[in-house]
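Residue numbers (the numbering used here): 8 to 196.
What follows is the structure in C-alpha cells.
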C-alpha cells in the first residue's frame with residue numbers, strides 16, 4: 008500500500024500558515040481501500056449491523072462492476088435534516104476504479120438463510136402456468152415442476168420438486184422451453 012498525492016494545494020512561493028493563507032500543502036491518500044458513506048433511514052437502521060456484507064455498484068455512471076465490502080461503522084446519531092444515520096462501508100479498491108466523490112448504489116445484507124435447494128432465477132421457466140426447471144438426464148433434459156419458497160435478487164428456494172445435487176440447466180433455458188414446445192406440437196399431429 009502506497010499513499011499517493013491526491014491534491015497539491017499550493018504552488019512554489021505561496022505563503023502558508025498565516026491568516027487567510029492555506030495551512031495544508033498536500034492531501035495524501037491511500038486509496039487501496041475506500042470508505043463509502045451511506046445514509047440509512049431509521050426504518051431500516053435496526054437491520055444494519057457492523058460486519059454485514061455490502062454489494063456496491065456504480066450509481067449514475069452505469070457499468071456492471073460490482074464489488075463486495077463490509078460495514079465498518081453504524082452511527083448512533085441521526086442527521087437532523089434527513090433523519091437517517093451514517094453507515095460507513097470499507098471497500099477494497101485493488102484496481103483503483105473507485106474514486107472519492109463517486110455516487111454508488113449499495114445493497115446491505117441484512118440476513119442470510121441456509122436453504123437445502125435453491126435455483127438461480129434464470130433457470131426457471133413457466134410451462135402451462137407452472138414453474139419448471141430442466142433437469143439433466145442421460146437422454147438430455149427433462150422438465151420438472153417445482154414449488155418455490157423464499158427468494159432474493161438472484162435465486163429462489165425450492166420447497167419441492169428438486170433434490171440437492173441434481174444438475175439443472177441454468178442458462179438459455181428458454182431454448183429448452185422452445186424445444187419442448189416444438190416436440191409437444193409434433194406429438195399433437
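Note that beta-carbon positions come from the ideal geometry of N, C-alpha and C, so glycine has one too. Computed from a prediction, not measured in an experiment: that's the story for all the values here.
Within a 10 Å sphere around the beta-carbon of residue 139 sit 16 or more other beta-carbons, which makes this residue buried. Between the alpha carbons of residue 179 and residue 31 lies a distance of about 58 angstroms. Straight across, the Cα-Cα distance linking residue 135 with residue 99 is about 46 angstroms. Going by DSSP, residue 52 is part of the alpha helix (DSSP H) stretching over 49 to 52. Buried is the label assigned to residue 76, since at least 16 other Cβ atoms lie within 10 Å of its Cβ. Look at residue 92 here: in three-state DSSP terms it is strand. When secondary structure is reduced to three states using DSSP, residue 180 falls in the helix class.
Only residues of its own chain outside the window of five on either side were considered, and among them 55, 59, 61, 78 have a CB closer than 7 angstroms to the CB of residue 115, listed in chain order.
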